[in-house]
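These notes concern the structure reproduced below.
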Amino acid sequence: MKTFLFSLSSLVLAMSLCAQGPEVAVDSGGVGTPREAIIKSSSLLKVNVTYQSFSPHIPWQKESPGSRRGLGVVLKGNEILVTAQMVADSTYIELEQPESGQKLTAKVKAVDYEANVAVLVAENAERAKGFFAEVKPMEIDTGARIGDGLSVWQIGPAGDLIVTPLRVSKVETAEYFVDGSVFLVYEGNGIIRTEGNSFTLPVVKGGKLAGLLLRYDSKNQVTTVLPAPIIDHFLKDTADGTYEGFPNLGVEFQLTLDGQFRDYLKMKEGDTGMYVSQVMKGMTGEKLGLKEGDIITSVNGFDIDSRGNYRDPQYGTLSVSHVVRGRAFVGDALKVTVMREGKEVVLEGKLARKNPAEMIVSPYRFDRGPNYLLAGGLLFQELSKAYLEGFGRDRQTGPILRLARLAKSPEAFEKKGCKKIIFLSAVLPTPSAQGYERMGGQIVEEVNGVAITDLTTLDEALKKPINGVHTIRLGEFPHLIHIDALAMERDNMAIITGGYRVGSLKRIE
Amino acid sequence: MAVSLPWAGMAQPIDLSSSVWDGVVNIDASMQVPDYREPWNGGRPTGGSGTGFLIGKNRFLTNAHVVSNATKLVIRSSNDPEPHPARIVFIAHDCDLAILEAVDGKHFEHLKPMQLGGIPKLNTEVIAVGYPIGGDRISVTRGVVSRIDFRQYSHSGVDSHLSIQVDAAINPGNSGGPVIQDGKVVGVAFQGYSGNVAQNVGYMIPVPVIQRFLKDVEDGKYDHYVDLAISDFPIENPAQRKALGLGEDGIGVMVGSAEPAGSGGKVLKTGDVIVAMDGSPVFNNGLIKLDDELVNMNEVVERKFAGDSIKIEFLRDGKKMKETVKLARFEPYVRLGNLYDERPRYLVYAGLVFQPLERNLMDAHSIQDPLVNYLFDNFLGDKLYVEKPEPVILTQVLPDEVNTFLTPYAHGVVEEINGVKITRLADVKAALAKKIGDEPFVVVKLMEVNRPLVLRRDLAEEAHPRIMKTYNIPQDAFLGE
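As they're listed, the protein sequences go chains A and B. In this text, residue positions in the first sequence follow our numbering: the first is 1374, and each later residue adds one. In this text, residue positions in the second sequence follow our numbering: the first is 1155, and each later residue adds one.
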């Protein structure tokens, strides 16, 4: 609260200073006039997004809507580039001319939440013609390096351009918006002022797009930029109409800096490489034949040091993840050299991608509601990260800790042939569920004698009660419950129309 | 607004000349609170004051929490300024009771022991006598019996027994003091209600719990409460009742889970329906009829002692069964509660500190690690104690050049050392000494950490005395008495 007040007051101060002497700014800056001329034939549009996410715990409901305001960059073909974060769970997207205030409804053409990029197009091509008449597409420049001067563009209230210089001080890989998705970033120091549209600010180099603002840490004045190479990768992938996404290796690594650990691994003085500590099921690493305990010494011809870095021709020392993820496409050749039991082994294959939908525990979810099934008041859901994140950290006790742990290492369920982990998340009190109201958090193992491997098997199993009774076996206390099948059907009707007004008893997509 | 004073007529007379509370004494305790963060240290000295009362020749009853972790105890009676050294004879942390004796009992020979009464009726008046905060002399507060119920005893934090709620003011210092009705003790004041939601709520340990304690120690030692170690699941659902083969008479409660290491688990399993215990019917909601009153079914077990048996009638797959279960204490439960009068156990090796998972440890280290919290929170529920009766935590890494790369792994759960599975702290010592062939390494595997922690044995052994000295650790392990 205190911080908020502080930033608000400093903003007011900054504005009043501007008002006192605008001519001073022009004199001292000297750059205001010519740059503005470039922007007159603008490539920037304001983007206003209304979003509404689904409630992870009451899955048939949506949370109250909110709005995000940012800037979009017009690319060729009148496609507008924004961050994925900007359009996540969007219900209505609108483009706005910064000066005239003219508006146009838009929709998402393609989006990648891991790489955090999206392109928008006009909802109605006919209306778009006039809207884009004065707009000039921007080109992309992927050539930025450490030390290059870039500028962050913002638009003031009257369509005026605000330019903030930024020097690239570091290029590295860092986490983007979705948990665990790590990609290339540029990092620079500098102050960025707060404006009405703070999402998705373009970062420009010589009039071309060098990236989008990923985040700004006002405390340390660190600016992190989602760089052009990742945007370019996304655009190339979308160009053919089918989007494949970035490949993922599915391997966990450890550093090999610890001298005693190196001795244990029989690494000699001067040997480098990273230790493979886990190989995820069904992903590139496993398909390639990587094994736990391997020491990766080179990837696609790049030598790997003991921190897991290689020497990139453009950026210098950089995490190897950029080789197999950021700069590579699905289907690209992959050649990995490992030390295995003292011998050098060369593994060759192709880079692949495992999509979130194929994962037993969905890592993120946007634009669609959580899958669920309601039966006589019992609410069954798929275990997902979004569900667990819906609980604050301080509420992570007992059953939530257990579910979180299963989500982290679901191998046992994969082995049993589960496609998803189904659990009883809550119970809406109904007559047929009498006595079960306080239950929640139990894994569903078997219903009416059928093993439950996803919501579809559960849905089918609930159509076959035995002697008019459903028998549900759970992984945890109380392990066994029964429900009358007829009473359940009656309650299902009541759930839709009665006090709960649920609308639909299931969402299985 | 009522102006009448309904109490006036109902109040019991307080005979100031009587010696009813002559036997109520003040207990002054000096304590040493064990340090679970630096387990090799002696701990933090502190002190407290409570109340006790004479129940027999040189025998004073008080709360366990008044005298827990005591290094020195002194008793003072109300009409004698002299402090008299005292010591603990019996202490029961699971029901928060203790018996003390004066080192020299003759100072108290002239006092009359107090008599135990029964369970007081609701809305009858009681007085609490003791030495609470707010002054030095004896204090008397008055109230009525508000509720008689099963309730958690906060001293251990995991045990629940019968307790009686009164609205007499019970404040710090009252603990261990008698609650009196008609000249007889009907309870021992022991806890209040923390938080701002409730007012005028105090609790006392009722006579049945006191008597059980006194009977348990008759043989010269305290054997603790016994436990059936099952969780019952009320049968309220008609389909559940039908499927489990029950009638409409409201009899039978389902076993939701039975601890395999517990007394009940040897006979009962999930899905069984308990219909009677010791011949008394058990109802769908887990209540049992005893002496014509419906009480929690645990009450039957509560009255038993270690080694006693209980007859259980139950249905399995609709078939009637009858078994006798010998009752014992359920050990895995104990570490989930607060422990007292115990020296923290630990082992240090080359700066790696190993400690067993206990509530005291969780509190002292305020461990945030989700895996450790999962283990603690689901220790019984997921039957984790079966594989690891005493999970061992790498609580800290005392930095030194030998272990500097291992410091991020503090708060890990130890799975294996040198190929030996670690199930309790005592395993660590032998496992560390074990050599795998002529491998010059000590290899520690942590749960859910996919790389081994490796120390070169020669370097570790060279560093060990240095680290002990630097971090002022007098003894490299305490594995228990």
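Glycine is no exception: its CB is placed at the ideal position from the N, C-alpha and C atoms. Remember, it's a predicted structure, so these values are computed and weren't measured experimentally.
{"Query": "Per DSSP, the bridge partner or partners of B/Asn1180", "Result": "B/Thr1205 and B/Arg1230"}
{"Query": "Neighbour flag for B/Asp1554 against chain A, beta carbons, 9 Å", "Result": "no"}
{"Query": "beta-carbon A/Arg1518 near the ligand ATP non-hydrogen atom, thresh 8 Å", "Result": "You won't find the ligand ATP in this model; it holds no ligand whatsoever."}
{"Query": "Cβ pair A/Leu1493, A/Val1508 closer than 9 Å", "Result": "no"}
{"Query": "A/Ser1542 in three-state terms, based on DSSP", "Result": "strand"}
{"Query": "Separation of A/Asp1857 from A/Ser1735, as counted between CA atoms", "Result": "32 Å"}
{"Query": "Pair within 9 Å by beta-carbon distance, A/Ala1517 and A/Ala1612", "Result": "no"}
{"Query": "Test: B/Gly1271 CB closer than 9 Å to a CB of chain A", "Result": "no"}
{"Query": "Beta-carbon gap between A/His1430 and B/Gly1410 smaller than 9 Å", "Result": "no"}
{"Query": "Which of helix, strand or coil DSSP assigns to A/Glu1548", "Result": "strand"}
{"Query": "For B/Val1479 and B/Phe1437, believed in contact at Cβ under 8 Å, the rounded distance", "Result": "Contact doesn't hold; Cβ gap of about 20 Å is too wide."}
{"Query": "A/Asp1514 and A/Lys1609 closer than 9 Å at C-beta", "Result": "no"}
{"Query": "For B/Val1380 and B/Cys1249, believed in contact at Cβ under 8 Å, the rounded distance", "Result": "Contact doesn't hold; Cβ gap of about 12 Å is too wide."}
{"Query": "C-beta atoms of B/Val1546 and B/Ile1621 nearer than 9 Å", "Result": "no"}
{"Query": "Same chain, Cβ closer than 6 Å to A/Pro1600, five either side skipped, listed in chain order", "Result": "Leu1557, Tyr1559 and Gly1584"}
{"Query": "Meets three-Cβ-pair contact criterion under 8 Å: the segment 1773-1780 of chain A and the segment 1172-1184 of chain B", "Result": "no"}
{"Query": "Cβ neighbour criterion (16 or more within 10 Å) applied to B/Arg1276", "Result": "Reading off the sequence, residue 1276 of chain B comes out as Leu, not Arg. Counting Cβ neighbours within 10 Å, B/Leu1276 comes out exposed, since fewer than 16 surround it."}
{"Query": "Limits of the unbroken alpha helix (DSSP H) element including A/Lys1502", "Result": "Ala1498 to Phe1504"}
{"Query": "At least 3 beta-carbon pairs within less than 8 Å: the segment 1459-1467 of chain B vs the segment 1424-1442 of chain B", "Result": "yes"}
{"Query": "DSSP three-state assignment for A/Gln1651, whether helix, strand or coil", "Result": "strand"}
{"Query": "Rounded separation between A/Gln1527 and A/Arg1441 - CA only", "Result": "15 Å"}
{"Query": "Where B/Ala1383 sits in the DSSP three-state scheme", "Result": "coil"}
{"Query": "Beta-carbon gap between B/Gly1337 and B/Val1280 smaller than 9 Å", "Result": "no"}
{"Query": "Alpha-carbon to alpha-carbon, B/Leu1490 and B/Phe1214", "Result": "29 Å"}
{"Query": "Counterpart residues of B/Gly1210 in DSSP-defined beta bridges", "Result": "B/Arg1213"}
{"Query": "Distance, B/His1261 Cα to B/Gly1288 Cα", "Result": "27 Å"}
{"Query": "With 16 other Cβ atoms within 10 Å as the buried cut-off, status of A/Met1866", "Result": "exposed"}
{"Query": "Beta-bridge partners of B/His1264, as assigned by DSSP", "Result": "The partner list for B/His1264 (beta bridge, DSSP) is empty, contrary to what the question assumes."}
{"Query": "Per-residue contacts from B/Pro1524 into chain A (C-beta, under 9 Å)", "Result": "Gln1769, Leu1774, Ala1777, Arg1778 and Lys1781"}
{"Query": "Validate contact between the segment 1215-1223 of chain B and the segment 1321-1337 of chain B using beta carbons, cut 8 Å, 3 pairs", "Result": "yes"}
{"Query": "Alpha-carbon to alpha-carbon, A/Pro1783 and A/Lys1789", "Result": "10 Å"}
{"Query": "Among B/Asp1290, B/Ile1324, B/Ser1308 and B/Phe1244, nearest to B/Glu1372 - alpha-carbon criterion", "Result": "B/Phe1244"}
{"Query": "Interface positions of the segment 1402-1432 of chain B facing chain A (Cβ-Cβ less than 7 Å), listed along the chain", "Result": "Met1408, Gly1410, Ser1411, Thr1424 and Gly1425"}
{"Query": "Range of the contiguous beta strand (DSSP E) that encloses A/Pro1471", "Result": "Taken as a continuous stretch (DSSP letters only), A/Pro1471 belongs to no beta strand (DSSP E), as it is neither H nor E."}
{"Query": "Residue(s) in a DSSP beta bridge with A/Ile1854", "Result": "A/Ile1845"}
{"Query": "Integer Cβ distance of A/Leu1828 from A/Asn1744, believed to fall under 8 Å", "Result": "6 Å"}
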